[in-house]
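Just below is one structure, and these are the notes that go with it.
2 protein chains.
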Amino acid sequence: MSEPVVAVDAMGGDHAPEAIVAGAVAAMRQGGLQVVLVGRPGQIRPLLAARGMLGAIRLVAAEDSVAMDEGALASWRRPRSSIAIACQLVHLGQASAVMSAGSTGAIVATARLRLRNLPGVGRPGLAVALPTRPTPTVLIDAGAIADPRPETLVQFAQLGSAYAEVAFGIASPRVGLLSIGAEPGKGNKMVRRAHELLAAESQHGGVPVRFTGNVEGGDLLAGKADVVVAEGFAGNVALKAMEGTAAFTAAQFRAALAGSPRSRLGALLARRQLRELRDRFDPETYGGAALLGLERTVIIAHGAATERGAAAACRLAADLAAGNVVERIRERLGPHRTGFLRRS
Amino acid sequence: MSEPVVAVDAMGGDHAPEAIVAGAVAAMRQGGLQVVLVGRPGQIRPLLAARGMLGAIRLVAAEDSVAMDEGALASWRRPRSSIAIACQLVHLGQASAVMSAGSTGAIVATARLRLRNLPGVGRPGLAVALPTRPTPTVLIDAGAIADPRPETLVQFAQLGSAYAEVAFGIASPRVGLLSIGAEPGKGNKMVRRAHELLAAESQHGGVPVRFTGNVEGGDLLAGKADVVVAEGFAGNVALKAMEGTAAFTAAQFRAALAGSPRSRLGALLARRQLRELRDRFDPETYGGAALLGLERTVIIAHGAATERGAAAACRLAADLAAGNVVERIRERLGPHRTGFLRRS
Chain A
40 MSEPVVAVDA MGGDHAPEAI VAGAVAAMRQ GGLQVVLVGR PGQIRPLLAA RGMLGAIRLV
100 AAEDSVAMDE GALASWRRPR SSIAIACQLV HLGQASAVMS AGSTGAIVAT ARLRLRNLPG
160 VGRPGLAVAL PTRPTPTVLI DAGAIADPRP ETLVQFAQLG SAYAEVAFGI ASPRVGLLSI
220 GAEPGKGNKM VRRAHELLAA ESQHGGVPVR FTGNVEGGDL LAGKADVVVA EGFAGNVALK
280 AMEGTAAFTA AQFRAALAGS PRSRLGALLA RRQLRELRDR FDPETYGGAA LLGLERTVII
340 AHGAATERGA AAACRLAADL AAGNVVERIR ERLGPHRTGF LRRS
Chain B
40 MSEPVVAVDA MGGDHAPEAI VAGAVAAMRQ GGLQVVLVGR PGQIRPLLAA RGMLGAIRLV
100 AAEDSVAMDE GALASWRRPR SSIAIACQLV HLGQASAVMS AGSTGAIVAT ARLRLRNLPG
160 VGRPGLAVAL PTRPTPTVLI DAGAIADPRP ETLVQFAQLG SAYAEVAFGI ASPRVGLLSI
220 GAEPGKGNKM VRRAHELLAA ESQHGGVPVR FTGNVEGGDL LAGKADVVVA EGFAGNVALK
280 AMEGTAAFTA AQFRAALAGS PRSRLGALLA RRQLRELRDR FDPETYGGAA LLGLERTVII
340 AHGAATERGA AAACRLAADL AAGNVVERIR ERLGPHRTGF LRRS
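Residue numbers (this note's numbering), protein chains in the order written: chain A, 40 to 383; chain B, 40 to 383.
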């Protein structure tokens with residue numbers, strides 16, 4: 040099989056294009072993927088030249104780009120933006136996945152406009168990997184939709200299960216539903232209805248969802264489920280609350296260790312362990328969020344992504360493409376009324 | 040002014056009645072409050088006798104109690120439970136506040152059944168203090184209502200502001216709205232409408248809400264607002280996600296420090312600082328959640344509360360009563376159509 044080609048939005052992100060180009064080059068040098076850079080050639084060429092990669096990486100021109108503070112409307116306002124053209128490359132079959140560190144709202148809206156939904160998927164969902172052990176936990180939706188229908192959450196269960204299978208090799212992933220109590224009757228109206236549907240869904244479907252019931256916010260890092268399905272509002276709040284709390288707690292630990300000469304010496308002695316821990320909690324290690332349910336996968340890296348984060352996001356995009364997550368989603372969703380769109 | 044009297048549900052909580060009675064005795068010995076214990080005399084009397092407090096603390100008999108796995112229906116099924124009778128004591132003016140470590144759902148439902156709403160309050164909200172510095176951040180609602188109306192969130196802004204003023208001495212607290220983006224248009228339908236109402240509300244009312252806009256999950260521990268108003272589903276998910284992440288991160292730090300002989304020595308040298316930090320993150324230090332908007336305040340301690348947690352919850356109940364949080368809520372809400380219920 041040929042190496043997957045990742046269309047990289049070189050202009051999206053706080054540190055674009057420098058960090059993005061550097062990350063794409065680093066990922067390609069590690070091997071296993073090809074990259075197409077999309078953006079302003081006048082800015083990208085010198086960056087490639089400085090790395091001795093001019094001519095070694097395909098470059099597709101896009102003179103427009105979406106600013107980090109632009110939202111969903113940018114998908115209409117900027118039809119020739121770097122993210123729009125990256126999506127177009129994928130739609131035309133010239134690349135297998137998209138990677139961007141731009142504005143999440145703009146990327147989601149642009150991808151929805153440019154890429155087809157998979158049959159049986161009403162709306163794409165945003166999946167992130169939480170740093171549980173031994174395997175990560177997939178949280179979906181982390182904020183692609185604020186007011187989903189209950190049926191959409193059942194689809195997200197399938198998208199998240201396919202992600203867990205392909206990215207982490209988890210056979211028959213356990214699926215939990217994010218709510219505010221363990222019992223089926225707990226939650227808001229939408230989530231209670233989604234619980235009913237998920238409990239029924241496990242009886243049928245292309246590949247049945249292995250639904251194990253509600254999980255609470257405190258269970259997200261406890262490894263109680265391999266996939267946690269959330270409505271996007273609560274999912275986004277939970278994800279950001281976890282990131283904020285991990286950063287806050289780590290800062291408090293560092294301050295505590297700096298609190299006395301004895302504790303500073305202690306921190307020095309433990310510095311290797313503390314550094315490993317920092318890396319593990321660093322969102323850059325995980326590559327970013329995956330927008331699933333479209334004809335091709337779109338990886339959204341953190342807006343503040345550095346070279347390391349951009350490289351990890353490129354690898355995640357390539358891994359999901361190589362593992363054929365899109366085909367796995369088709370299989371899980373099973374035959375659908377619009378089945379004529381399916382490829383054999 | 041006489042000392043506030045706290046009606047303590049001696050039978051609620053994983054470690055009831057032992058830990059609850061011990062905590063109530065400890066809080067009373069520290070001074071500044073009186074306690075009435077409500078529960079089974081046959082179980083409570085020996086615990087008081089062992090502490091030399093038999094006869095020194097008022098005891099009100101309640102032979103029934105609510106199990107930790109019972110929910111809201113217990114409010115109807117168990118009219119003579121210890122939590123029901125504790126609420127009744129407060130309603131009759133024999134105590135100023137209620138403290139229970141029982142099932143949150145059962146306590147909220149029982150309190151709503153037994154205690155009047157304050158004028159202008161449609162539903163009580165659950166407020167918790169997050170460990171920010173220099174002053175804590177009040178999160179309301181942490182899960183009393185799963186499907187609130189937007190108007191309810193405006194009331195919660197007033198309840199939370201009164202809590203921040205009385206408990207933490209914050210003049211003119213800044214109020215943020217929990218959403219999934221900083222801009223007013225971000226969020227689900229309910230939260231977007233609440234944003235409009237809060238932005239308008241700051242122009243009028245008994246005491247205006249000082250609304251400073253949306254905050255995100257990652258801002259909850261950043262001290263961007265003194266009060267964060269949330270719809271109860273996302274508020275509960277966020278609170279539990281933060282608790283879970285703080286525990287997870289702390290466990291990872293401990294494991295990292297135990298990872299080698301050098302790092303173990305380091306941890307030993309830093310043990311005082313690490314112990315202080317653990318106490319700061321311990322929910323028991325904060326006393327519990329406050330159900331606000333009723334004629335009297337109900338404090339809900341953590342179900343796993345030990346003696347220390349129960350004592351802190353009793354003190355929080357007494358502090359809010361002594362600071363007259365209920366009167367402050369009346370003032371903030373201002374004259375209301377049902378104003379004949381207001382006391383002068």
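Glycine included, C-beta positions come from ideal geometry on N, C-alpha and C.
Residues of its chain near Arg155(B), where Cβ-Cβ distance is below 8 Å and the 5 sequence neighbours each way are ignored: In the same chain as Arg155(B), and ignoring 5 residues on each side of it, the C-beta atoms closer than 8 Å to its own belong to His130, Leu333, Glu334 and Leu380, in chain order.
Residue burial classification, Arg376(A) (beta-carbon count within 10 angstroms, cutoff 16): With a pLDDT of 45 at Arg376(A), under the threshold of 50, the predicted position of this residue should be treated as unreliable, though the coordinate-derived value follows. Result: exposed.
Residues sharing a beta bridge with Glu179(B), DSSP: Inspection of the sequence shows that residue 179(B) is occupied by Ile rather than by Glu. Ile179(B) is bridged to Ala166(B) and Val268(B).
Interface flag, Ser299(A) vs chain B, CB-CB below 9 Å: True, the Cβ-Cβ gap to chain B drops below 9 Å.
Burial state of Lys228(A) (16 or more Cβ within 10 Å): Lys228(A) should be labelled exposed.
Cβ-based burial, Arg68(B) [other Cβ within 10 Å; buried from 16]: Around the Cβ of Arg68(B), a 10 Å sphere holds fewer than 16 other Cβ atoms; the residue is exposed.
Selection of the stretch 208-220 of chain B by Cβ proximity to chain A, strictly under 9 Å: If the cut-off is 9 Å between Cβ atoms, the stretch 208-220 of chain B has Leu217, Ser218, Ile219 and Gly220 near chain A.
Distance, Leu112(A) Cα to Gly209(A) Cα: Here residue 209(A) turns out to be Ile, not Gly, going by the sequence shown. When rounded, the distance between both Cα atoms is 37 Å.
Strand pairing of Gln73(A), partner residues [DSSP]: DSSP, once it has assigned bridges, lists Val44(A) as partnering Gln73(A).
Limits of the unbroken alpha helix (DSSP H) element including Arg79(A): Looking at the DSSP string, Arg79(A) is not in any alpha helix (DSSP H), and its letter there is neither H nor E.
Members of the stretch 264-286 of chain B near chain A, C-beta cut-off 9 Å: Interface annotation for the stretch 264-286 of chain B against chain A: Ala269, Glu270, Gly271, Phe272, Ala273, Gly274, Asn275, Val276, Ala277, Leu278, Lys279, Ala280, Met281, Glu282, Gly283, Thr284, Ala285 and Ala286, criterion Cβ-Cβ distance under 9 Å.
Gly271(B) beta carbon less than 9 Å from that of Leu165(B): A contact, by the Cβ cut-off of 9 Å.
Cβ neighbour criterion (16 or more within 10 Å) applied to Pro419(B): This structure cannot speak to residue 419(B), because chain B is shown only from 40 to 383.
Short CB-CB distance (under 9 Å) between Asp53(B) and chain A: With a threshold of 9 Å between beta carbons, Asp53(B) makes no contact with chain A.
9 Å Cβ cutoff, Phe292(A) in contact with chain B: For Phe292(A), the answer is yes, since a Cβ of chain B falls inside 9 Å of its Cβ.
Inter-residue CB distance, Ile338(A) and Val137(A) (contact presumed, cutoff 8 Å): Between Ile338(A) and Val137(A), the beta carbon gap of about 7 Å places them in contact (Cβ cut-off 8 Å).
Rounded Cβ spacing between Thr251(B) and Ala264(B) (contact assumed at less than 8 Å): Thr251(B) to Ala264(B), Cβ: 6 Å. Contact.
Minimum Cβ-Cβ distance from Leu330(B) to chain A less than 9 Å: Judged by the 9 Å Cβ criterion, Leu330(B) is not in contact with chain A.
Beta-carbon proximity list for Leu192(B), same chain, < 6 Å, skipping 5 on both sides: Residues Ala233 and Val268 of the same chain have their beta carbon placed closer than 6 Å to that of Leu192(B), with the five preceding and five following residues left out of the count.
Beta-carbon gap between Val206(B) and Gly327(B) smaller than 9 Å: The question names Val, but residue 206(B) in the sequence shown is Ala. Taking the C-beta atoms as reference points, Gly327(B) is found no nearer than 9 Å to Ala206(B).
Contacts that Leu236(B) makes with chain A (C-beta to C-beta distance below 9 Å): Ordered by position in chain A, no residue passes the 9 Å Cβ test against Leu236(B), which lies about 18 Å from the chain.
Beta-carbon neighbours of Ala392(A), restricted to chain B and to distances below 8 Å: Nothing in the structure corresponds to residue 392(A), since chain A is present only between 40 and 383.
Rounded straight-line distance, which links the Cα of Val77(A) to that of Ser384(A): Because chain A in this structure spans residues 40 to 383, residue 384(A) falls outside the shown range and cannot be described.
Continuous alpha helix (DSSP H) stretch holding Ile368(A): start and end: Here the alpha helix (DSSP H) through Ile368(A) covers Val364 to Leu372.
Within chain B, partners of Thr251(A) - CB distance below 7 Å: Close to Thr251(A), with beta-carbon spacing below 7 Å, lies no residue of chain B; the smallest spacing is near 18 Å.
Between the CA atoms of Val75(A) and Ala95(A) - distance to the nearest angstrom: The C-alpha of Val75(A) is placed about 10 Å away from the C-alpha of Ala95(A).
Pro43(A) to Leu331(A) span [Cα, whole Å]: Looking at the two C-alpha atoms, the distance is approximately 17 Å.
Coarse secondary structure for Met281(B), derived from DSSP in three states: The DSSP-derived three-state label of Met281(B) is helix.
Proximal chain B residues relative to Ser302(A), where beta-carbon distance stays under 9 Å: Those within 9 Å of Ser302(A) in chain B are Gly305, Leu308, Ala309, Arg310, Arg311, Gln312 and Leu313.
Nearest-angstrom Cα separation, counted from Ile184(A) out to Val248(A): The straight-line gap from Cα to Cα measures roughly 21 Å.
Meets three-Cβ-pair contact criterion under 8 Å: the stretch 212-223 of chain A and the stretch 292-311 of chain A: Too few Cβ pairs lie closer than 8 Å, so no.
Alpha helix (DSSP H) segments (min. 4 residues) lying fully within the stretch 280-310 of chain A: Taking only runs of at least 4 residues, the alpha helix (DSSP H) segments lying wholly in the stretch 280-310 of chain A are 300-308.
Residue-chain proximity (Gly257(B), chain A), Cβ-Cβ < 9 Å: Cβ-Cβ to chain A under 9 Å: yes for Gly257(B).
For Ile124(A), the three-state DSSP class (helix, strand or coil): DSSP, read as helix, strand or coil, puts Ile124(A) in helix.
Contact list for Gly182(B) against chain A, beta-carbon separation under 7 Å: Residues of chain A passing the Cβ test: Ile219.
Through-space distance from Gly159(A) to Cys353(B), alpha-carbon basis: So the alpha carbons of these two residues sit roughly 54 Å apart.
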